[in-house]
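Take the position in the sequence shown, starting the count at 1, then add 522; the result is the number in my numbering.
We put the CB at the ideal spot given by N, CA and C, even for glycine.
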Amino acid sequence: MELMTKYQYTYFIYPYVIDSNKYNKYLLRLLKNKKCSLRIFQKEKDMHLYHYFLPNIRTSMFWSFDLDDAKLKSFNSLDINMKANLLAQKDCNIFSYQMEKGLQGKVGESNGIFFEVNEIKIVCYQTGICFLIFKTSLEQDGGFSDILNFNYKFREANSKTYNLKEYENIRIQSDVFKDVQEISEVVKEITGGKTANKKLNLDSERFIVYSYACLDQSSWNENGENENVKNAFFKYREILPASRQVTDMAYQNQEKEMYENKYVKYGFSNLGTVLLTSDINPVNYTLVAQKFESEYLYTYIISLYKKVLLNKLNYEFNKMEKFKSSEKDFLKFTKDLWIQEITNDDFGKVLIKKWNAIFETEDIFVKLKSKYEVLYKKYHMESTNRANQKLFVVVTILIVINILGIIIMVLK
523 MELMTKYQYT YFIYPYVIDS NKYNKYLLRL LKNKKCSLRI FQKEKDMHLY
573 HYFLPNIRTS MFWSFDLDDA KLKSFNSLDI NMKANLLAQK DCNIFSYQME
623 KGLQGKVGES NGIFFEVNEI KIVCYQTGIC FLIFKTSLEQ DGGFSDILNF
673 NYKFREANSK TYNLKEYENI RIQSDVFKDV QEISEVVKEI TGGKTANKKL
723 NLDSERFIVY SYACLDQSSW NENGENENVK NAFFKYREIL PASRQVTDMA
773 YQNQEKEMYE NKYVKYGFSN LGTVLLTSDI NPVNYTLVAQ KFESEYLYTY
823 IISLYKKVLL NKLNYEFNKM EKFKSSEKDF LKFTKDLWIQ EITNDDFGKV
873 LIKKWNAIFE TEDIFVKLKS KYEVLYKKYH MESTNRANQK LFVVVTILIV
923 INILGIIIMV LK
(Lines of atoms letter the chains of each structure in order from A; the text may use other names.)
(Lines give C-alpha, C1' and ligand atoms only; values in the text may rest on other atoms or scores of the structure.)
Protein backbone atom coordinates (compact mmCIF):
# COMPACT_ATOMS: atom_id res chain seq x y z
CA MET A 523 0.00 0.00 0.00
CA GLU A 524 1.37 3.40 -1.02
CA LEU A 525 2.28 5.77 1.82
CA MET A 526 0.64 9.17 1.35
CA THR A 527 2.28 12.48 2.31
CA LYS A 528 0.86 15.66 3.79
CA TYR A 529 3.84 18.01 3.30
CA GLN A 530 7.48 17.73 2.23
CA TYR A 531 10.62 19.55 1.06
CA THR A 532 14.25 18.64 0.35
CA TYR A 533 17.40 20.74 0.57
CA PHE A 534 20.26 19.66 -1.68
CA ILE A 535 23.63 20.85 -0.35
CA TYR A 536 26.79 21.21 -2.43
CA PRO A 537 30.05 21.89 -0.49
CA TYR A 538 32.89 23.57 -2.37
CA VAL A 539 36.17 25.25 -1.48
CA ILE A 540 37.52 28.54 -2.82
CA ASP A 541 41.27 29.11 -2.67
CA SER A 542 41.86 31.33 0.37
CA ASN A 543 43.87 33.90 -1.60
CA LYS A 544 40.97 34.23 -4.05
CA TYR A 545 38.22 34.50 -1.43
CA ASN A 546 38.05 38.29 -1.53
CA LYS A 547 37.65 38.27 -5.31
CA TYR A 548 35.01 35.54 -5.03
CA LEU A 549 32.92 37.67 -2.66
CA LEU A 550 33.30 40.59 -5.05
CA ARG A 551 32.03 38.41 -7.89
CA LEU A 552 28.98 37.42 -5.86
CA LEU A 553 28.28 41.06 -5.01
CA LYS A 554 28.50 42.00 -8.68
CA ASN A 555 26.10 39.20 -9.65
CA LYS A 556 22.65 40.81 -9.86
CA LYS A 557 21.04 37.49 -8.96
CA CYS A 558 22.89 37.43 -5.62
CA SER A 559 22.09 39.47 -2.54
CA LEU A 560 23.66 39.46 0.90
CA ARG A 561 21.32 38.04 3.52
CA ILE A 562 20.81 40.54 6.33
CA PHE A 563 19.52 38.98 9.55
CA GLN A 564 17.29 41.07 11.79
CA LYS A 565 16.18 40.35 15.33
CA GLU A 566 12.50 41.03 14.64
CA LYS A 567 12.28 38.88 11.51
CA ASP A 568 14.71 36.15 12.54
CA MET A 569 13.98 35.99 16.26
CA HIS A 570 13.95 32.16 16.19
CA LEU A 571 17.60 32.09 15.02
CA TYR A 572 18.61 34.85 17.42
CA HIS A 573 17.30 32.91 20.43
CA TYR A 574 18.45 29.48 19.25
CA PHE A 575 22.15 30.23 18.67
CA LEU A 576 24.48 31.32 21.46
CA PRO A 577 26.20 34.75 21.20
CA ASN A 578 29.55 33.58 19.79
CA ILE A 579 27.89 31.70 16.92
CA ARG A 580 25.52 34.62 16.26
CA THR A 581 28.49 36.95 16.05
CA SER A 582 30.43 34.74 13.63
CA MET A 583 27.71 33.25 11.39
CA PHE A 584 24.99 35.90 11.66
CA TRP A 585 27.04 39.04 12.24
CA SER A 586 24.38 41.29 10.66
CA PHE A 587 22.25 40.82 13.80
CA ASP A 588 24.51 43.48 15.33
CA LEU A 589 23.72 46.07 12.65
CA ASP A 590 21.31 48.79 13.67
CA ASP A 591 19.62 51.00 11.08
CA ALA A 592 22.51 53.50 11.03
CA LYS A 593 25.18 50.81 10.60
CA LEU A 594 23.15 49.06 7.91
CA LYS A 595 22.71 52.32 6.03
CA SER A 596 26.44 52.99 6.31
CA PHE A 597 27.24 49.49 5.01
CA ASN A 598 24.88 49.83 2.05
CA SER A 599 26.48 53.14 1.09
CA LEU A 600 29.92 51.55 0.72
CA ASP A 601 31.60 51.07 -2.65
CA ILE A 602 31.25 47.45 -3.84
CA ASN A 603 35.01 46.82 -3.49
CA MET A 604 34.91 48.14 0.07
CA LYS A 605 31.97 45.83 0.79
CA ALA A 606 33.92 42.83 -0.48
CA ASN A 607 36.92 43.77 1.67
CA LEU A 608 34.70 44.14 4.72
CA LEU A 609 32.86 40.88 4.12
CA ALA A 610 36.17 39.04 3.63
CA GLN A 611 37.00 39.92 7.25
CA LYS A 612 33.79 38.29 8.53
CA ASP A 613 33.82 34.66 9.66
CA CYS A 614 30.77 33.82 7.56
CA ASN A 615 28.54 35.43 4.92
CA ILE A 616 25.21 34.16 3.63
CA PHE A 617 23.79 35.11 0.22
CA SER A 618 20.46 34.54 -1.50
CA TYR A 619 20.45 33.64 -5.20
CA GLN A 620 17.36 34.67 -7.13
CA MET A 621 16.46 32.79 -10.29
CA GLU A 622 15.13 34.89 -13.15
CA LYS A 623 11.90 32.88 -13.08
CA GLY A 624 10.41 30.26 -10.82
CA LEU A 625 11.52 26.78 -11.77
CA GLN A 626 9.15 23.93 -12.41
CA GLY A 627 10.44 20.45 -13.01
CA LYS A 628 9.20 17.11 -14.23
CA VAL A 629 10.63 13.66 -13.63
CA GLY A 630 9.97 11.33 -16.55
CA GLU A 631 7.97 11.70 -19.74
CA SER A 632 4.57 10.67 -18.36
CA ASN A 633 3.05 10.33 -14.92
CA GLY A 634 6.00 12.45 -13.83
CA ILE A 635 6.93 14.02 -10.54
CA PHE A 636 6.50 17.78 -10.74
CA PHE A 637 8.73 19.84 -8.49
CA GLU A 638 9.90 23.39 -7.88
CA VAL A 639 13.19 24.97 -6.87
CA ASN A 640 11.92 27.29 -4.13
CA GLU A 641 15.10 28.89 -2.91
CA ILE A 642 18.85 28.99 -3.45
CA LYS A 643 21.27 30.23 -0.81
CA ILE A 644 25.06 30.37 -0.51
CA VAL A 645 26.93 30.09 2.80
CA CYS A 646 30.58 31.22 2.65
CA TYR A 647 33.14 30.90 5.43
CA GLN A 648 36.32 32.98 5.66
CA THR A 649 38.40 29.83 5.22
CA GLY A 650 37.05 29.56 1.64
CA ILE A 651 34.70 26.68 2.51
CA CYS A 652 31.25 27.34 1.04
CA PHE A 653 27.90 25.59 0.70
CA LEU A 654 25.47 26.01 -2.18
CA ILE A 655 21.97 25.05 -1.03
CA PHE A 656 18.91 24.35 -3.20
CA LYS A 657 15.48 24.08 -1.58
CA THR A 658 13.05 21.96 -3.59
CA SER A 659 9.50 20.72 -3.09
CA LEU A 660 7.15 18.49 -5.03
CA GLU A 661 4.27 20.36 -6.60
CA GLN A 662 1.59 18.10 -5.19
CA ASP A 663 1.51 16.02 -2.04
CA GLY A 664 1.20 12.45 -3.20
CA GLY A 665 2.83 9.09 -2.68
CA PHE A 666 6.00 8.77 -0.59
CA SER A 667 7.60 6.85 -3.46
CA ASP A 668 7.71 10.15 -5.39
CA ILE A 669 9.92 11.65 -2.68
CA LEU A 670 12.23 8.62 -2.67
CA ASN A 671 12.64 8.68 -6.44
CA PHE A 672 13.05 12.44 -6.61
CA ASN A 673 15.73 12.62 -3.91
CA TYR A 674 17.58 9.68 -5.48
CA LYS A 675 17.58 11.26 -8.93
CA PHE A 676 18.05 14.94 -8.18
CA ARG A 677 21.11 14.40 -5.97
CA GLU A 678 22.90 13.16 -9.12
CA ALA A 679 21.98 16.26 -11.17
CA ASN A 680 25.58 17.52 -11.15
CA SER A 681 27.05 14.13 -12.08
CA LYS A 682 29.14 13.80 -15.24
CA THR A 683 27.68 10.34 -15.79
CA TYR A 684 24.07 11.36 -15.23
CA ASN A 685 22.89 10.33 -18.69
CA LEU A 686 24.50 6.91 -18.26
CA LYS A 687 22.33 6.07 -15.26
CA GLU A 688 19.67 3.44 -15.67
CA TYR A 689 16.87 5.60 -14.33
CA GLU A 690 14.74 8.27 -16.05
CA ASN A 691 16.08 11.73 -16.76
CA ILE A 692 14.69 14.64 -14.75
CA ARG A 693 13.37 17.19 -17.21
CA ILE A 694 12.76 20.83 -16.28
CA GLN A 695 9.65 22.39 -17.82
CA SER A 696 10.41 26.08 -17.76
CA ASP A 697 11.94 28.86 -19.81
CA VAL A 698 15.01 28.75 -17.60
CA PHE A 699 16.03 25.07 -17.82
CA LYS A 700 15.36 22.56 -20.56
CA ASP A 701 16.75 19.73 -18.46
CA VAL A 702 17.60 19.29 -14.79
CA GLN A 703 21.27 18.79 -15.69
CA GLU A 704 21.35 22.50 -16.38
CA ILE A 705 21.36 22.74 -12.59
CA SER A 706 25.05 21.98 -13.04
CA GLU A 707 25.35 25.24 -14.98
CA VAL A 708 23.95 27.10 -11.98
CA VAL A 709 26.46 25.28 -9.77
CA LYS A 710 29.26 26.31 -12.12
CA GLU A 711 28.05 29.92 -12.30
CA ILE A 712 27.91 30.28 -8.51
CA THR A 713 31.03 28.32 -7.57
CA GLY A 714 33.13 29.59 -10.46
CA GLY A 715 33.80 26.05 -11.65
CA LYS A 716 37.39 25.86 -10.41
CA THR A 717 37.30 24.72 -6.79
CA ALA A 718 39.64 22.83 -4.49
CA ASN A 719 37.16 19.95 -4.06
CA LYS A 720 39.26 17.34 -5.83
CA LYS A 721 42.42 17.80 -3.77
CA LEU A 722 40.31 17.68 -0.58
CA ASN A 723 38.51 14.55 -1.81
CA LEU A 724 35.09 16.26 -1.73
CA ASP A 725 32.37 14.71 -3.90
CA SER A 726 31.65 17.27 -6.63
CA GLU A 727 29.03 15.22 -8.46
CA ARG A 728 26.45 14.45 -5.79
CA PHE A 729 24.49 16.71 -3.50
CA ILE A 730 24.11 16.04 0.22
CA VAL A 731 20.42 15.45 0.97
CA TYR A 732 18.56 17.15 3.84
CA SER A 733 14.92 16.17 3.56
CA TYR A 734 11.62 16.48 5.47
CA ALA A 735 8.39 14.56 4.90
CA CYS A 736 5.13 14.33 6.81
CA LEU A 737 3.04 11.21 6.25
CA ASP A 738 -0.73 11.16 6.30
CA GLN A 739 -1.89 9.64 9.59
CA SER A 740 -3.58 6.86 7.66
CA SER A 741 -0.03 5.55 7.12
CA TRP A 742 1.37 6.23 10.61
CA ASN A 743 -0.91 6.51 13.62
CA GLU A 744 -1.53 5.23 17.14
CA ASN A 745 -1.26 1.69 15.83
CA GLY A 746 2.45 2.40 15.34
CA GLU A 747 4.79 1.98 12.39
CA ASN A 748 4.07 -0.94 10.14
CA GLU A 749 6.72 -2.73 8.11
CA ASN A 750 5.82 -0.61 5.08
CA VAL A 751 6.78 2.58 6.96
CA LYS A 752 10.00 1.05 8.32
CA ASN A 753 11.01 -0.19 4.89
CA ALA A 754 10.28 3.18 3.27
CA PHE A 755 12.17 5.03 6.00
CA PHE A 756 15.30 2.96 5.37
CA LYS A 757 15.20 3.91 1.66
CA TYR A 758 14.55 7.54 2.65
CA ARG A 759 17.54 7.58 5.00
CA GLU A 760 19.90 5.89 2.53
CA ILE A 761 18.65 7.93 -0.48
CA LEU A 762 17.45 4.88 -2.40
CA PRO A 763 14.75 4.64 -5.10
CA ALA A 764 11.32 3.28 -4.23
CA SER A 765 11.92 0.17 -6.35
CA ARG A 766 15.02 -0.94 -4.41
CA GLN A 767 14.45 -4.18 -2.51
CA VAL A 768 15.84 -4.34 1.02
CA THR A 769 15.90 -7.09 3.62
CA ASP A 770 14.24 -6.80 7.00
CA MET A 771 17.63 -6.81 8.72
CA ALA A 772 19.01 -4.01 6.53
CA TYR A 773 16.93 -1.26 8.10
CA GLN A 774 17.28 -2.32 11.72
CA ASN A 775 20.24 -0.02 12.44
CA GLN A 776 19.44 1.92 15.59
CA GLU A 777 22.61 4.05 15.35
CA LYS A 778 21.34 5.67 12.16
CA GLU A 779 17.91 6.63 13.39
CA MET A 780 16.47 8.52 16.35
CA TYR A 781 13.04 9.51 17.61
CA GLU A 782 12.33 12.97 19.01
CA ASN A 783 8.93 11.60 19.96
CA LYS A 784 6.59 8.82 18.82
CA TYR A 785 5.76 10.51 15.48
CA VAL A 786 9.01 12.39 14.74
CA LYS A 787 11.82 10.19 13.41
CA TYR A 788 15.28 11.26 12.20
CA GLY A 789 17.56 9.30 9.89
CA PHE A 790 21.32 9.86 9.53
CA SER A 791 23.99 8.80 7.07
CA ASN A 792 27.03 10.29 5.34
CA LEU A 793 24.71 10.98 2.40
CA GLY A 794 22.47 13.29 4.39
CA THR A 795 19.85 13.69 7.11
CA VAL A 796 16.12 13.05 6.81
CA LEU A 797 13.13 13.68 9.04
CA LEU A 798 9.90 11.70 8.82
CA THR A 799 6.78 12.71 10.77
CA SER A 800 3.07 11.96 10.91
CA ASP A 801 0.31 14.55 10.60
CA ILE A 802 -1.49 12.92 13.53
CA ASN A 803 -0.10 15.93 15.43
CA PRO A 804 -0.43 19.31 13.58
CA VAL A 805 2.79 20.52 15.22
CA ASN A 806 4.70 17.97 13.12
CA TYR A 807 3.92 19.72 9.82
CA THR A 808 4.14 23.26 11.20
CA LEU A 809 6.62 24.04 13.99
CA VAL A 810 8.70 20.86 13.58
CA ALA A 811 8.96 21.36 9.81
CA GLN A 812 9.89 25.03 10.24
CA LYS A 813 12.59 24.39 12.82
CA PHE A 814 14.14 21.60 10.75
CA GLU A 815 14.68 23.92 7.76
CA SER A 816 15.86 26.87 9.82
CA GLU A 817 17.64 26.41 13.16
CA TYR A 818 18.56 22.76 12.54
CA LEU A 819 19.56 23.34 8.91
CA TYR A 820 22.13 25.97 9.93
CA THR A 821 23.30 23.68 12.74
CA TYR A 822 23.79 20.95 10.13
CA ILE A 823 25.80 23.35 7.95
CA ILE A 824 28.04 24.12 10.93
CA SER A 825 28.58 20.39 11.48
CA LEU A 826 29.40 19.88 7.80
CA TYR A 827 31.75 22.88 7.95
CA LYS A 828 33.67 21.32 10.85
CA LYS A 829 34.21 18.14 8.87
CA VAL A 830 35.32 19.88 5.67
CA LEU A 831 37.61 22.31 7.52
CA LEU A 832 39.34 19.49 9.40
CA ASN A 833 39.98 17.72 6.08
CA LYS A 834 41.26 20.98 4.59
CA LEU A 835 43.63 21.55 7.51
CA ASN A 836 44.85 17.95 7.31
CA TYR A 837 45.67 18.49 3.63
CA GLU A 838 47.43 21.81 4.26
CA PHE A 839 49.48 20.45 7.17
CA ASN A 840 51.20 18.21 4.63
CA LYS A 841 52.86 21.33 3.23
CA MET A 842 55.42 22.69 5.69
CA GLU A 843 55.67 25.99 3.82
CA LYS A 844 52.01 26.62 4.73
CA PHE A 845 52.38 25.55 8.35
CA LYS A 846 52.09 29.02 9.91
CA SER A 847 48.91 29.97 8.05
CA SER A 848 47.43 26.50 8.65
CA GLU A 849 48.37 26.72 12.30
CA LYS A 850 46.55 30.05 12.54
CA ASP A 851 43.40 28.53 11.01
CA PHE A 852 43.61 25.46 13.26
CA LEU A 853 43.99 27.48 16.46
CA LYS A 854 41.20 29.85 15.43
CA PHE A 855 38.92 26.91 14.65
CA THR A 856 39.72 25.29 17.99
CA LYS A 857 39.11 28.49 19.96
CA ASP A 858 36.12 29.91 18.07
CA LEU A 859 34.17 26.81 17.09
CA TRP A 860 35.43 23.44 18.33
CA ILE A 861 35.30 24.22 22.05
CA GLN A 862 32.32 26.56 21.76
CA GLU A 863 28.75 25.64 22.61
CA ILE A 864 26.51 26.29 19.59
CA THR A 865 23.12 26.30 21.27
CA ASN A 866 21.34 25.63 24.55
CA ASP A 867 18.49 23.94 22.69
CA ASP A 868 18.32 20.45 24.19
CA PHE A 869 17.42 18.57 21.04
CA GLY A 870 19.75 20.77 18.96
CA LYS A 871 22.60 19.53 21.16
CA VAL A 872 21.47 15.93 20.63
CA LEU A 873 21.57 16.46 16.84
CA ILE A 874 25.05 18.01 17.02
CA LYS A 875 26.35 14.97 18.92
CA LYS A 876 24.72 12.66 16.36
CA TRP A 877 26.18 14.51 13.37
CA ASN A 878 29.63 14.58 14.99
CA ALA A 879 29.41 10.79 15.38
CA ILE A 880 28.25 10.24 11.78
CA PHE A 881 31.00 12.50 10.38
CA GLU A 882 33.59 11.13 12.86
CA THR A 883 34.74 14.69 13.49
CA GLU A 884 36.02 13.99 17.00
CA ASP A 885 38.27 11.18 15.77
CA ILE A 886 39.52 13.37 12.91
CA PHE A 887 40.19 16.24 15.32
CA VAL A 888 42.19 14.05 17.71
CA LYS A 889 44.33 12.73 14.84
CA LEU A 890 44.81 16.22 13.43
CA LYS A 891 45.79 17.58 16.86
CA SER A 892 48.45 14.87 17.17
CA LYS A 893 49.69 15.68 13.68
CA TYR A 894 49.79 19.39 14.55
CA GLU A 895 51.88 18.73 17.68
CA VAL A 896 54.43 16.73 15.69
CA LEU A 897 54.62 19.35 12.95
CA TYR A 898 54.84 22.14 15.52
CA LYS A 899 57.95 20.58 17.06
CA LYS A 900 59.45 19.86 13.64
CA TYR A 901 58.74 23.38 12.35
CA HIS A 902 60.25 25.08 15.40
CA MET A 903 63.21 22.72 15.42
CA GLU A 904 63.89 23.58 11.78
CA SER A 905 63.40 27.25 12.60
CA THR A 906 65.88 26.96 15.45
CA ASN A 907 68.39 25.19 13.19
CA ARG A 908 67.99 27.86 10.53
CA ALA A 909 68.50 30.55 13.16
CA ASN A 910 71.60 28.79 14.49
CA GLN A 911 72.99 28.46 10.96
CA LYS A 912 72.44 32.17 10.35
CA LEU A 913 74.04 32.99 13.69
CA PHE A 914 77.02 30.79 12.82
CA VAL A 915 77.46 32.59 9.48
CA VAL A 916 77.24 36.01 11.17
CA VAL A 917 79.72 35.03 13.90
CA THR A 918 82.08 33.58 11.27
CA ILE A 919 81.94 36.80 9.26
CA LEU A 920 82.61 38.89 12.38
CA ILE A 921 85.59 36.70 13.29
CA VAL A 922 87.01 37.01 9.78
CA ILE A 923 86.54 40.80 9.87
CA ASN A 924 88.27 41.01 13.27
CA ILE A 925 91.17 38.88 12.04
CA LEU A 926 91.52 41.03 8.93
CA GLY A 927 91.48 44.14 11.12
CA ILE A 928 94.25 42.76 13.29
CA ILE A 929 96.34 41.83 10.25
CA ILE A 930 95.92 45.30 8.79
CA MET A 931 96.98 46.91 12.09
CA VAL A 932 100.07 44.67 12.27
CA LEU A 933 101.07 45.51 8.69
CA LYS A 934 100.81 49.21 9.46
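Query, Result
"Suppose you measure from the CA of S599 to the CA of K593; what does that come to, to the nearest Å?", "10 angstroms"
"Does the beta-carbon of I935 have 16 or more other beta-carbons within 10 angstroms, so that it is buried, or is it exposed?", "An answer regarding residue 935 cannot be provided, because it is not within the stretch 523 to 934 covered by the chain."
"Spell out the partners DSSP gives V786 in its beta bridges.", "N783 and T799"
"When the Cα of L560 is compared with those of Q662, D541, I535 and A610, which residue comes out closest?", "A610"
"Please classify P537 as buried or exposed, where buried requires at least 16 neighbouring CB atoms within 10 angstroms.", "buried"
"Applying the criterion that 16 or more other CB atoms from any shown protein chain within 10 Å of the CB defines a buried residue, is M842 buried or exposed?", "exposed"
"By the DSSP assignment, the beta strand (DSSP E) with N640 in it spans what residues?", "I635 to Y647"
"Give, in chain order, every unbroken run of the beta strand (DSSP E) that is at least 3 residues long and sits entirely within the segment 650 to 686.", "651 to 660"
"Near K682, what residues of its chain come up, given a Cβ to Cβ distance below 7 angstroms and the 5 sequence neighbours on each side ignored?", "E727"
"Is S816 helix, strand or coil by DSSP?", "coil"
"Any contact of the segment 731 to 749 with the segment 806 to 814, i.e. 3+ C-beta pairs under 8 angstroms?", "yes"
"So does the segment 746 to 762 actually touch the segment 835 to 850, counting three or more Cβ pairs closer than 8 angstroms?", "no"
"How would you write the range of the beta strand (DSSP E) that A735 sits in, first residue to last?", "I730 to L737"
"Helix, strand or coil: how does DSSP classify L724 here?", "coil"
"Can you name, in chain order, every residue of its own chain whose Cβ lies under 6 angstroms from the Cβ of T717, other than the five neighbours on each side?", "Y538 and V539"
"Rounding to the nearest angstrom, what Cα-Cα distance links H573 and L832 in this structure?", "28 angstroms"
"State the Cα-Cα distance for the pair K857 and E707, rounded to the nearest angstrom.", "38 angstroms"
"Report the residue from E782, L835, I669 and E678 whose alpha carbon sits nearest the alpha carbon of R759.", "I669"
"Kindly indicate which residue of Q662, K605 and G789 has the alpha-carbon position closest to the one of F637.", "Q662"
"According to DSSP, simplified to helix, strand and coil, what is S847?", "helix"
"Taking buried to mean at least 16 other C-beta atoms within 10 Å of its own C-beta, is I602 buried or exposed?", "exposed"
"In whole angstroms, what separates the C-alpha of Q564 from that of Q530?", "27 angstroms"
"Would you decide whether A879 is buried or exposed? Buried here means 16 or more other CB atoms lie within 10 Å of its CB.", "exposed"
"Quick one, which of D590, S765, S800 and L608 has its alpha-carbon nearest M526's?", "S800"
"Check N546 in the structure and name its three-state DSSP category.", "helix"
"Given this structure, state the Cα-to-Cα distance separating V786 from E838, to the nearest angstrom.", "41 angstroms"
"Have a look at V896, E849 and L826 and flag the residue whose alpha-carbon is nearest the alpha-carbon of W877.", "L826"
"Assuming I651 and V830 are in contact, meaning their beta carbons sit under 8 angstroms apart, how far apart are those beta carbons, in whole angstroms?", "5 angstroms"
"Is the beta carbon of I535 less than 9 angstroms from the beta carbon of I874?", "no"
"Count the other CB atoms, across all protein chains shown, that sit within 10 Å of the CB of I579; report buried if there are 16 or more and exposed otherwise.", "buried"
"Over the uninterrupted beta strand (DSSP E) stretch that includes T532, give me the two end residues.", "T527 to V539"
"Can you tell me whether S848 is buried or exposed, with buried defined as 16 or more other CB within 10 angstroms of its CB?", "buried"
"Can you tell me whether F855 is helix, strand or coil according to DSSP?", "helix"
"Would you kindly work out how many angstroms separate the C-alpha atoms of P763 and R551, rounded to a whole number?", "38 angstroms"
"Between the Cα of N543 and the Cα atoms of M621, N607, I730 and L571, which residue gives the shortest distance?", "N607"
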